[in-house]
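*Asks:* One structure, pasted below without further comment.
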Amino acid sequence: MSSPSPCWFSNATEPDIHQILLEAKTRWLRPSEICEILRNYIRFNITPDPPYKPPGGSLFLFDRKALRYFRKDGHDWRKKKDGKTVREAHEKLKSGNVDVLHCYYAHGEDNENFQRRSYWLLDGDAAPLSLSS
Numbered sequence: 001m002s003s004p005s006p007c008w009f010s011n012a013t014e015p016d017i018h019q020i021l022l023e024a025k026t027r028w029l030r031p032s033e034i035c036e037i038l039r040n041y042i043r044f045n046i047t048p049d050p051p052y053k054p055p056g057g058s059l060f061l062f063d064r065k066a067l068r069y070f071r072k073d074g075h076d077w078r079k080k081k082d083g084k085t086v087r088e089a090h091e092k093l094k095s096g097n098v099d100v101l102h103c104y105y106a107h108g109e110d111n112e113n114f115q116r117r118s119y120w121l122l123d124g125d126a127a128p129l130s131l132s133s
């Protein structure tokens, strides 16, 4: 018998997706919440084009294979020393004790507190989707 995926909530704690989306406007989502959205992407609209200068707290679901430049959103992000490439940090996020997500994040050029975070599942069999906030 296999153990449940660390991305899934138990039935007793089934998340309210609408509540998660509301809370995303005021706080960073937990890895388990991000997994829930990415694993249940069928319930959401996939954004066909990058939005222009989306406000903080916005969430977008992208198909990384179909929309290569999903990060080009019109905001000025801090650049690497070459002055051209956006400086992004990369982390793996855990749910429980298991790495489940890639997280790439960038800081605003003019406002250090303004961030863009992009997440996708580490599971190689998962759909090539990215959740950006």
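Here the sequence shown stands for residues 1 to 133, numbered as in UniProt numbering.
Just so it is clear, CB atoms sit at the ideal spot from N, CA and C, and this is done for glycine as well.
Only a predicted model underlies this, so the values are computations on that prediction, with no experimental measurement involved.
1. Whole angstroms are fine: how far does the CA of R117 sit from the CA of H90?
2. Return the first residue and the last residue of the alpha helix (DSSP H) that S32 is part of.
3. Helix, strand or coil for L61, going by three-state DSSP, please let me know.
4. Is it true that the region 78-92 meets the region 101-118, where meeting means three or more beta-carbon pairs spaced less than 8 Å apart?
5. Alpha carbon to alpha carbon, how far is G74 from D63?
6. Within 10 angstroms of the Cβ of L121, are there 16 or more other Cβ atoms? Answer buried if so, exposed if not.
7. Would V98 pass as a contact of C35 if the rule is Cβ separation under 7 Å?
8. Suppose you measure from the CA of Q115 to the CA of N45; what does that come to, to the nearest Å?
9. Within the continuous alpha helix (DSSP H) that includes E23, where are the two ends?
10. Pick from T47, I17 and G56: whose alpha carbon is nearest that of R27?
11. R43: which of A24, K25 and D16 sits nearest, CA to CA?
12. Please list the terminal residues of the continuous beta strand (DSSP E) segment that includes K92.
13. Less than 8 Å between the CB atoms is what I'm expecting for D110 and D82, so what's the real figure, rounded?
*Replies:* Concretely, from the data shown:
1. 10 Å
2. P31 to R39
3. strand
4. yes
5. So the two alpha carbons sit approximately 19 Å from each other.
6. buried
7. no
8. Whole-angstrom Cα-Cα distance: 23 Å.
9. I17 to E23
10. G56
11. D16
12. A89 to S95
13. In fact, because the Cβ distance is near 19 Å, the residues do not count as touching under 8 Å.
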